[in-house]
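By numbering that gives the first Met the number 0, the letter at position 54 of the sequence shown is numbered 53, and the numbering carries on one by one without gaps.
Just so it is clear, CB atoms sit at the ideal spot from N, CA and C, and this is done for glycine as well.
Heads up, the thing below is written out as structure tokens.
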Amino acid sequence: MIGARTPEAFELLKKQFSQHLAKKTYIAIVDGTPSLSTAKIDVPIGRNPAAPSTFRPDPKGKPAQTVYQTLASNGILSAIKLCPQTGRTHQLRVHMKHLGVPIHGDRVYSKAADRLYLHAYKLEITTQPGKRQTFTAPLPSEFTDLFPELNNESNL
């Protein structure tokens with residue numbers, strides 16, 4: 000979570016998010032292994048008319064791009080780094096399902112588990128004109144218990 004202390008800071012943050020200038024990185028545990036270890040998903044997303052609170056790939060939908068990289072896999076689950084290039088609702092969840100590797104525990108787009116295995120890991124923003132800062136949130140133990148190599152930040 001991020002907040003602004005002044006109206007000027009709020010406007011600076013708002014602009015960065017609306018213009019996709021804030022760089023976000025997520026770590027997800029997915030069911031299965033993607034066929035490509037690294038790729039860019041460029042699949043438009045639209046609301047699902049059969050279930051209006053959900054989304055689906057839709058050629059007439061809004062543009063959505065996600066770059067991903069497989070960090071580790073045990074054949075059943077994989078740890079994936081996700082970098083959304085756009086900010087569509089449920090984008091990461093829809094894109095992973097589209098690849099055939101839904102996010103583990105996603106009760107909307109796959110099967111429920113004890114939690115949704117999607118973690119907002121890193122955010123890079125401009126905090127004042129000309130000053131970029133990166134904020135990270137440590138991975139939950141559920142992730143590192145499954146893939147101990149994620150404890151080493153150089154693997155992320």
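Check whether residue i and residue j have beta carbons under 8 Å apart
i: threonine 69; j: isoleucine 79; result: yes
i: valine 29; j: leucine 76; result: yes
i: proline 33; j: leucine 81; result: no
i: glycine 45; j: valine 100; result: no
i: proline 62; j: lysine 23; result: no
i: glutamate 123; j: arginine 131; result: yes
i: alanine 71; j: leucine 149; result: yes
i: valine 66; j: lysine 110; result: no
i: tyrosine 25; j: histidine 118; result: yes
Assumed close pair residue i, residue j - CB separation to whole angstroms, cut-off 8 Å
i: proline 120; j: alanine 136; result: The amino acid occupying residue 120 in the given sequence is tyrosine; proline does not appear at that position. Confirmed, Cβ separation roughly 6 Å.
Bridge-paired residues (DSSP) for residue i
i: threonine 24; result: Lys121
i: tyrosine 67; result: Ala38, Leu81
i: isoleucine 102; result: Val29
Outcome for residue i when other beta-carbon atoms lying within 10 angstroms are tallied against a minimum of 16
i: isoleucine 102; result: buried
i: alanine 49; result: exposed
i: aspartate 105; result: buried
i: leucine 35; result: exposed
i: phenylalanine 54; result: buried
Q: Could you say if the stretch 138-145 and the stretch 12-23 meet the contact criterion of at least three C-beta pairs nearer than 8 Å?
A: Output reads no: the stretch 12-23 does not touch the stretch 138-145.
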